[in-house]
Amino acid sequence: MLKILRLLLVSVAGASILFASQQHYLPLLLAQGQDDPVELYRAIGLGSDEALDRLSQVAQQRQDPYWLQQAARQGDAQSYYQLALKETDEVRYQRLMGKAASAGHAAAQHEVALLTDSPVHREEWLRLSAEQDYLPAIISLYQWLIVNEQLDEALPWLQKAAPEDPQSALLLAKRRWRDEQFDEARDWFRRAQAMGSQPAADYLQLISRYWPGKKAVSVGPHLVDLNKEQCVIRLQPVVLSLDNMQQLTQLAEQFARDKRLAQLPICLLEPVWVKATALQCEEDWQGGRRLGCDAGDLTRLPLAEDFTHLLILAERGKANVHNGIMYLDLGDSYSVFVHELAHFAGFVDEYPLSSSMAENICHPASSAPNLVMVMDSEELPQKLSTWRDSGQEWTLAKARTCNNHPMQAYKASSKLTFMEYHDQEMIPPLYLALWKQRLEARIGLLPAYINIAQALESRGNYQEAQYWWQRTREYLAPILPAHNGQEALSVGDSLTGETETELPTL
Numbered sequence: 001m002l003k004i005l006r007l008l009l010v011s012v013a014g015a016s017i018l019f020a021s022q023q024h025y026l027p028l029l030l031a032q033g034q035d036d037p038v039e040l041y042r043a044i045g046l047g048s049d050e051a052l053d054r055l056s057q058v059a060q061q062r063q064d065p066y067w068l069q070q071a072a073r074q075g076d077a078q079s080y081y082q083l084a085l086k087e088t089d090e091v092r093y094q095r096l097m098g099k100a101a102s103a104g105h106a107a108a109q110h111e112v113a114l115l116t117d118s119p120v121h122r123e124e125w126l127r128l129s130a131e132q133d134y135l136p137a138i139i140s141l142y143q144w145l146i147v148n149e150q151l152d153e154a155l156p157w158l159q160k161a162a163p164e165d166p167q168s169a170l171l172l173a174k175r176r177w178r179d180e181q182f183d184e185a186r187d188w189f190r191r192a193q194a195m196g197s198q199p200a201a202d203y204l205q206l207i208s209r210y211w212p213g214k215k216a217v218s219v220g221p222h223l224v225d226l227n228k229e230q231c232v233i234r235l236q237p238v239v240l241s242l243d244n245m246q247q248l249t250q251l252a253e254q255f256a257r258d259k260r261l262a263q264l265p266i267c268l269l270e271p272v273w274v275k276a277t278a279l280q281c282e283e284d285w286q287g288g289r290r291l292g293c294d295a296g297d298l299t300r301l302p303l304a305e306d307f308t309h310l311l312i313l314a315e316r317g318k319a320n321v322h323n324g325i326m327y328l329d330l331g332d333s334y335s336v337f338v339h340e341l342a343h344f345a346g347f348v349d350e351y352p353l354s355s356s357m358a359e360n361i362c363h364p365a366s367s368a369p370n371l372v373m374v375m376d377s378e379e380l381p382q383k384l385s386t387w388r389d390s391g392q393e394w395t396l397a398k399a400r401t402c403n404n405h406p407m408q409a410y411k412a413s414s415k416l417t418f419m420e421y422h423d424q425e426m427i428p429p430l431y432l433a434l435w436k437q438r439l440e441a442r443i444g445l446l447p448a449y450i451n452i453a454q455a456l457e458s459r460g461n462y463q464e465a466q467y468w469w470q471r472t473r474e475y476l477a478p479i480l481p482a483h484n485g486q487e488a489l490s491v492g493d494s495l496t497g498e499t500e501t502e503l504p505t506l
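At position 417 of the sequence shown the residue is numbered 417 (the UniProt record's numbering), and the sequence of numbers has no breaks.
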């Protein structure tokens with residue numbers, strides 16, 4: 001028993017001496033390791049984590065693959081990561097990056113998240129990296145959560161990224177604006193601008209100029225060399241979101257530069273920008289699979305006194321024209337705007353209409369300026385007088401408008417036009433001439449007053465509706481017989497015109 005106890009004492013004493021020796025030896029190895037990685041490697045063998053960190057740093061500074069490999073074999077995550085970045089073989093690259101990620105390297109975890117096809121693993125790796133405050137992972141994580149419609153869970157990560165990333169600050173500002181937290185939104189727009197975000201500066205300019213909605217009193221950028229009184233269509237934009245406001249400024253700039261439309265008596269008024277809740281709008285308005293709003297709500301908005309037509313810009317919904325109101329959403333481009341603008345003057349789509357729409361449009365009495373419709377080609381000569389008398393060149397060609405109807409439609413151009421494919425810039429000279437003629441004569445032109453009057457009547461508000469019917473009579477006075485103008489407009493439903501717009505693109 002005494003012998004065993006003596007051996008234990010000797011062992012403990014030996015271990016103490018060895019530990020003391022190592023404690024004395026390690027600083028020496030670390031000091032020598034500044035010039036010689038071998039000494040650092042020896043120190044690693046003695047269990048020094050500091051030596052491993054130093055060896056990794058030396059290997060990276062020298063770009064020495066040998067010592068990077070040695071440090072990696074000892075479990076250094078940064079060395080695995082650096083080796084992966086130098087690897088040209090995809091399989092080895094992913095293996096090394098995976099080892100770096102497993103060892104806790106934040107950038108490697110982010111990279112592995114982007115490489116994996118598994119949604120579950122992607123989110124797991126993104127969270128591991130983001131929890132280490134790795135900014136790219138934080139950004140990727142909130143973007144991933146937003147794409148997967150986990151908006152509430154994404155918000156804390158967006159808030160974490162926003163102080164350091166201009167795009168995140170901009171996104172948070174837009175989110176706050178959508179939530180009607182306007183002061184906080186402005187603050188984040190300013191912070192994004194300070195970090196170099198030009199879009200944030202643009203949004204601040206829009207907010208400063210147009211928010212909240214003010215009385216619209218001036219003509220927009222497109223004056224068409226006319227006095228305001230000469231504009232037959234005075235189009236009042238009603239904007240329902242910040243992004244729609246930006247969309248409108250782009251549309252207005254393009255409209256001002258569009259030489260094709262320069263002679264048309266159309267003016268774009270200053271916009272009225274209101275909260276989305278100011279109008280009751282739906283993507284599937286009254287089950288019609290199109291964007292629409294309750295026009296009765298428009299009477300509460302600060303519209304220009306002399307507007308004639310309205311352009312309502314909302315976030316989502318199919319573009320269309322209903323009487324005197326045009327509806328666009330964020331996905332609609334300037335070419336869609338021009339296409340819809342022509343619908344105000346009675347132009348009809350030249351792509352195949354649905355059977356239900358064709359039933360309403362394809363009939364012998366159609367007054368569409370760009371089309372004639374017949375059951376038999378022998379009827380054509382008697383229907384072409386307007387085109388012949390225009391003084392413009394034109395070519396008779398079949399149109400696809402009535403493909404889903406027994407009648408055949410013909411157009412005045414053998415080429416694709418903006419009424420068939422909205423992204424086609426080609427507007428035949430005849431179309432422009434007829435467009436101008438119809439606007440000046442107010443042929444088939446229905447103002448937005450009709451929409452408002454009908455909406456008020458549907459609510460039982462007949463007295464207020466009469467005001468808007470009176471404005472309609474005054475607007476259409478040049479084309480209504482004096483003796484029966486009031487009678488012609490006594491029934492609102494007799495003046496309903498709308499277009500189905502499901503625009504194809506090339």
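Positions of the beta carbon are idealized from the N, C-alpha and C atoms, including for glycine.
Residue 132 is bridged by DSSP to nothing; it lacks a bridge partner. Between the alpha carbons of residue 290 and residue 320 lies a distance of about 7 Å.
The C-alpha of residue 111 lies about 23 Å from the C-alpha of residue 149.
Spanning the alpha carbons of residue 302 and residue 239 requires a straight line of approximately 12 Å.
The beta-carbon separation of residue 416 and residue 426, rounded to 7 Å, stays under the 8 Å limit for a contact. The continuous stretches of beta strand (DSSP E) do not include residue 462, which lies in the alpha helix (DSSP H) extending over residues 462-476. In terms of Cα proximity to residue 418, the closest of 95, 470, 173, 351 is 351. With contacts defined as CB atoms closer than 7 Å, residue 472 and residue 452 fail to qualify as a contacting pair. Residue 138 places its beta carbon 7 Å or farther from that of residue 174.
In the same chain as residue 164, and ignoring 5 residues on each side of it, the C-beta atoms closer than 7 Å to its own belong to 135, in chain order.
A straight-line Cα-Cα distance of about 18 Å links residue 267 and residue 346.
Under the Cβ criterion (8 Å, minimum of three pairs), the stretch 364-376 counts as touching the stretch 399-406. Counting of Cβ neighbours within 10 angstroms places residue 380 among the exposed residues, the total staying below 16. The criterion of a C-beta distance shorter than 7 Å is satisfied by residue 108 and residue 81. Runs of the alpha helix (DSSP H) lying entirely within the stretch 229-308, each at least 4 residues long, are 242-257 in chain order. Beta bridge pairing from DSSP links residue 210 with no other residue. DSSP links residue 326 through a beta bridge to 311, 321. Pairing residue 256 with residue 249, the inter-Cα distance amounts to about 11 Å. Excluding its 5 nearest sequence neighbours in each direction, residue 265 has C-beta neighbours in its own chain below 8 Å: 224, 226, 230, 231, 232, 233, 436, 439, 440, listed in chain order. In the structure shown, the three-state DSSP call for residue 372 is strand. Between the stretch 457-472 and the stretch 293-301, the count of C-beta pairs closer than 8 Å reaches three or more; the two stretches touch. According to DSSP, residue 411 shares a beta bridge with 371, 397. CA-to-CA, the gap between residue 299 and residue 244 works out to about 21 Å. The Cβ atoms of residue 169 and residue 144 do not sit closer than 7 Å to each other. When the beta-carbon positions are compared, residue 315 and residue 330 come within less than 7 Å of each other. Nearest neighbour of residue 261 by Cα position, chosen from 391, 155, 132, 341, turns out to be 341. In the structure shown, the three-state DSSP call for residue 89 is coil. Short of 7 Å from the beta carbon of residue 403, and not among the five residues preceding or following it, lie these beta carbons of its own chain, in chain order: 352. According to the DSSP assignment, residue 152 belongs to the alpha helix (DSSP H) that extends over 151-161. A direct Cα-Cα distance of roughly 46 Å separates residue 242 from residue 87. Around residue 251, the same chain offers 334, 337 as residues with beta carbons nearer than 6 Å, after the five sequence neighbours per side are excluded. Taking the Cα positions, residue 287 is about 24 Å away from residue 275. In this structure, residue 185 sits away from residue 193, with a CB-CB distance that is not shorter than 7 Å. No Cβ-Cβ contact shorter than 7 Å links residue 447 with residue 467. Annotated three-state conformation of residue 333 is coil, per DSSP. Taking the Cα of residue 259 as reference, the smallest distance to any Cα among 429, 202, 76 is reached at 429.
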